[in-house]
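Counting in UniProt numbering, the final residue of the sequence shown is number 261, and the numbers go up one at a time with none missing. Heads up, the beta-carbon is just placed ideally off N, CA and C, and yes, glycines get one too. Being a predicted model, the structure only gives us computed values, none of them experimental. For reference, the structure discussed in these notes is given below.
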Amino acid sequence: MRTCIRAAHDRGLTVLLKPQIWIRGSWPGEIDFADEAGWEQFFSAYEDWILHYGKMAQAEDVAALCIGTELVHTTLKHPDRWRKIIAALREVYDGQLTYAANWGEEFENLSFWADLDVMGLNSYYPLSSEKQPTDAELQAGAHRWMQMADSISEAHDRPLWLTEVGYRSVADAWQNPHAEAGDREESLEAQARCYTALAGAVRESARLQGMFVWKWPSYLGHTEGRGNTRNTGFVPGGKPAASVLSGLYAYPPLAPDVTPP
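Okay, structure coming up:
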């Protein structure tokens, strides 16, 4: 990990270190305990774990550290335990702290944003419920959730990062961006249309300061399907969506092409 951080710095990149619990076939937002003993064991272990990365971030001059990702039950039920973790991290790390909240209830109701430097949103809000929406309808959907996120950011007086945002290259990608591909058909066009709508919305945000695409691995030879030959994953590389993102991240930014690829 230190090697990756240093390689990014050598290329002039600013680094957000985002350690996260990954449970194959499950979701960190389901972590829950029936008694206080279970919670105590979890938070004690978690604090030790994230402090390790806080010390690494300090040693490697990392600009920002994400202290957790989509741990919905833990944050909504035990915010004071998170405040304790944040205070402990402040003792070992002097960069910016954020938390990657799941879209919906967690992001909209988290109670310790004031203890952090930046609000983090993992945004998988639907853009449209229609099977065949127009580009204008997709753009309206993206603007709707972006404006909502902006208003929450303003209410808490904290800048906003999209700590995750992404769309699969599948049919109807705009309906449930977080969902598995399932038996949906591959659609590079649908993915590109979603990113085009997103690009228009984030450009108009008054609160957004950063965006991290889910997901774009840094290692060559990555395959999305673990044996599935369909190209239905989130990775935009090698797909029309990549050119949309290139325009968005360019400086000065390039206007999105609203013509479907």
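#1: Report yes if the CB atom of residue 134 is closer than 8 Å to the CB atom of residue 118, and no otherwise.
#2: Enumerate, from N- to C-terminal direction, the unbroken beta strand (DSSP E) stretches of 3 or more residues contained entirely within the segment 139–214.
#3: Roughly how many angstroms separate the alpha carbons of residue 91 and residue 59, rounded to a whole number?
#4: From which residue to which residue does the beta strand (DSSP E) around residue 119 run?
#5: Going straight from the alpha carbon of residue 107 to that of residue 46, what length do you get?
#6: Near residue 131, which residues of its chain fall below 6 Å by C-beta distance, leaving aside the five closest residues on each side in sequence?
#7: Examine the Cβ distances between the segment 141–152 and the segment 176–189 and report whether three or more of them are shorter than 8 Å.
#8: How far does the beta strand (DSSP E) with residue 102 in it extend, from its first residue to its last?
#9: Just list the residues that DSSP pairs residue 65 with in beta bridges.
#10: Can you tell me which of the three DSSP states residue 12 falls into?
#11: Quick one: residues in its chain with C-beta nearer than 6 Å to the C-beta of residue 230, no 5 flanking neighbours on either side, listed in chain order?
#12: Should the segment 204–212 be regarded as contacting the segment 155–162, the criterion being three or more beta carbon pairs within less than 8 Å?
Judging by the given coordinates:
#1: Sequence index remark: in the sequence shown, residue 134 carries index 134 (1-based). Sequence index remark: in the sequence shown, residue 118 carries index 118 (1-based). Contact flag unset, no.
#2: 160–165, 208–213
#3: Residue mapping note: residue 91 aligns to position 91 of the sequence shown, counting from 1. Residue mapping note: residue 59 aligns to position 59 of the sequence shown, counting from 1. Approximately 13 Å between the Cα atoms of the pair.
#4: As a working note, residue 119 is residue 119 in the sequence shown. Per DSSP, residue 119 belongs to the beta strand (DSSP E) from 118–123.
#5: Position 107 of the sequence shown holds residue 107. Position 46 of the sequence shown holds residue 46. Between residue 107 and residue 46, the C-alpha separation is close to 21 Å.
#6: What you label residue 131 is simply residue 131 of the sequence shown in a count that begins at 1. Excluding five sequence positions before and after residue 131, none of the CB atoms of its chain fall closer than 6 Å to its own CB.
#7: no
#8: Walking along the sequence shown from the start, residue 102 turns up at place 102. Segment 96–102, the beta strand (DSSP E) holding residue 102.
#9: Here residue 65 corresponds to residue number 65 of the sequence shown, with the count starting at 1. Answer by DSSP bridge pairing, in chain order: 17, 97.
#10: Counting from 1 along the sequence shown, the entry for residue 12 is found at position 12. Here residue 12 sits in coil by DSSP.
#11: Start at 1 with the first residue of the sequence shown, and residue 230 comes out as number 230. In the same chain as residue 230, and ignoring 5 residues on each side of it, the C-beta atoms closer than 6 Å to its own belong to 186, in chain order.
#12: yes
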